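Numbering (the numbering used here), first residue to last: 1 to 477.
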């Protein structure tokens with residue numbers, strides 16, 4: 001699967017893609033889907049040459065753009081929902097960090113089967129802490145999956161839970177905010193045009209008044225203004241802000257208003273640009289399932305819509321949100337639901353998951369992370385809580401599982417996605433997306449940036465570094 005020679009790469013691209021200057025042309029779209037994308041994305045993730053990986057990521061994104069597959073902002077659809085101009089639905093945010101490419105393919109097939117368009121793919125910033133998956137790689141996997149499945153529509157990719165670290169913040173406020181700005185700029189540059197900010201860890205419930213407790217809104221305002229400064233011309237990034245309630249309980253109206261008032265006291269947005277699109281509420285709860293007060297969510301959602309022109313999103317905390325409640329979310333003002341753990345759990349716990357690989361992962365966790373086992377934890381609880389840490393060292397092993405095993409797992413990923421699309425009422429929403437979302441292409445940086453050469457010349461230079469080279473023609477022969 002890995003490219004070893006220039007001839008190897010040439011044989012994959014010949015008659016499929018043509019690179020001229022900084023432009024990519026799709027010569028044969030069917031052949032690209034059938035024989036090219038799988039190998040291109042594999043090398044874009046795993047090739048040992050960093051420059052070649054980056055080049056292939058750019059190549060895939062450019063090819064996707066030529067097939068009218070654009071990463072974009074979902075804000076237009078969010079605003080239509082807030083105005084009540086579309087039927088109620090809850091947008092699922094699908095977190096796919098395990099087997100990202102295969103899982104995204106399954107979700108695009110589910111979208112084809114159901115006519116779903118109002119869904120997005122979540123990029124969890126906590127994954128960055130494990131060194132697992134930079135934003136550009138995740139975006140490449142999602143767009144490659146769309147290309148492979150012939151999904152010619154807007155693609156929504158969301159930077160989820162970009163979080164201020166309270167401990168780092170206390171050491172140096174400026175350093176921590178600058179770190180977040182770097183992460184945000186990296187995400188936007190990669191094509192992530194939906195961003196959720198979490199400054200909620202800075203809330204201080206030792207203070208006497210609700211307004212003083214919700215001072216985290218001030219840092220949120222600075223980050224929102226920064227996003228508006230760097231977002232591409234002609235595109236408005238969809239921005240959400242997470243609010244924390246006292247003792248991680250259910251948010252009350254006074255806390256919500258205090259956060260928003262503090263936000264508007266501080267925010268400075270360039271003229272004519274929107275500030276926030278939605279508020280995210282973290283649902284905590286006792287062991288077993290998250291504590292969900294649907295009536296309170298409906299009330300908060302109505303305040304958000306009526307008083308601030310915002311939507312309401314929810315994400316689970318330590319405990320999962322019961323899926324039996326999902327059918328009720330659209331009618332209770334929940335505009336967006338973040339779903340990461342269900343897909344990871346389905347993949348790792350699937351009967352077709354290679355047993356030898358799972359045993360190797362758990363042995364590795366035992367050896368590398370014994371300190372994360374709490375006295376009350378069973379083996380099952382311990383491995384469930386720590387297996388995200390195995391995503392980096394075992395990433396290639398996951399991708400290399402026999403195709404028949406992966407196909408069985410992905411059939412169930414597809415069924416789960418279909419279930420979510422139907423339950424959350426986003427089936428048959430492709431027309432709504434088409435009517436409310438502009439999918440004009442936003443240019444992404446080329447690998448030639450910083451060089452005195454075009455992408456074509458840069459690519460030839462990369463090929464010349466590989467063994468077994470000969471004169472290369474980029475394009476059909």
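The C-beta atom is built at its ideal place from N, Cα and C for all residues, glycine as well. No experiment lies behind these values; they were computed from the predicted model shown.
- Where residue 25 is concerned, there is no enclosing alpha helix (DSSP H), although the beta strand (DSSP E) around it starts and stops at 23 to 26.
- It is roughly 10 Å from the alpha-carbon of residue 349 to the alpha-carbon of residue 409.
- The C-beta of residue 262 has 16 or more other C-beta atoms within 10 Å across all chains shown, which makes the residue buried.
- Straight across, the Cα-Cα distance linking residue 22 with residue 455 is about 5 Å.
- For residue 194, the secondary structure class from DSSP, reduced to helix, strand or coil, is strand.
- Fewer than three Cβ pairs drawn from the segment 385 to 398 and the segment 68 to 88 lie within less than 8 Å of each other, which leaves the two stretches out of contact.
- With fewer than 16 other Cβ atoms from the protein chains shown falling within 10 Å of its own Cβ, residue 48 counts as exposed.
- Taking a C-beta distance under 8 Å as the contact criterion, residue 118 and residue 433 qualify as a contact pair.
- The segment 210 to 239 contains, as complete alpha helix (DSSP H) runs of 4+ residues, the segments 210 to 213, 216 to 230 (chain order).
- A Cβ-Cβ separation of about 7 Å places residue 458 in contact with residue 55 under the 8 Å criterion.
- As summarised for the segment 288 to 357, the continuous alpha helix (DSSP H) elements at least 4 residues long and confined to that stretch are 294 to 308, 341 to 349, given in chain order.
- Distance from the CA atom of residue 439 to the CA atom of residue 373, rounded to whole angstroms, is 46 Å.
- Counting of Cβ neighbours within 10 angstroms places residue 260 among the buried residues, the total reaching 16 or more.
- Taking a cut-off of 8 Å for Cβ pairs, the segment 317 to 335 and the segment 353 to 372 do not touch, as fewer than three such pairs fall below it.
- Per DSSP, the unbroken beta strand (DSSP E) holding residue 120 starts and ends at 120 to 124.
- The closest CA to that of residue 325, considering only 193, 192, 255, 293, is found on 293.
- The beta carbon of residue 162 is closer than 7 Å to those of 125, 180, 183, 184, 195, 196, 197, 198 in its chain, skipping five residues each way along the sequence.
- Annotated three-state conformation of residue 161 is strand, per DSSP.
- Between residue 191 and residue 104, the alpha-carbon positions lie close to 16 Å from each other.
- Rounded to whole angstroms, the gap between the alpha carbons of residue 265 and residue 212 is 13 Å.
- For residue 142, no beta strand (DSSP E) segment is defined; the enclosing uninterrupted segment is the alpha helix (DSSP H) at 135 to 149.
- For residue 351, the closest alpha carbon among the candidates 397, 322, 405 is that of 405.
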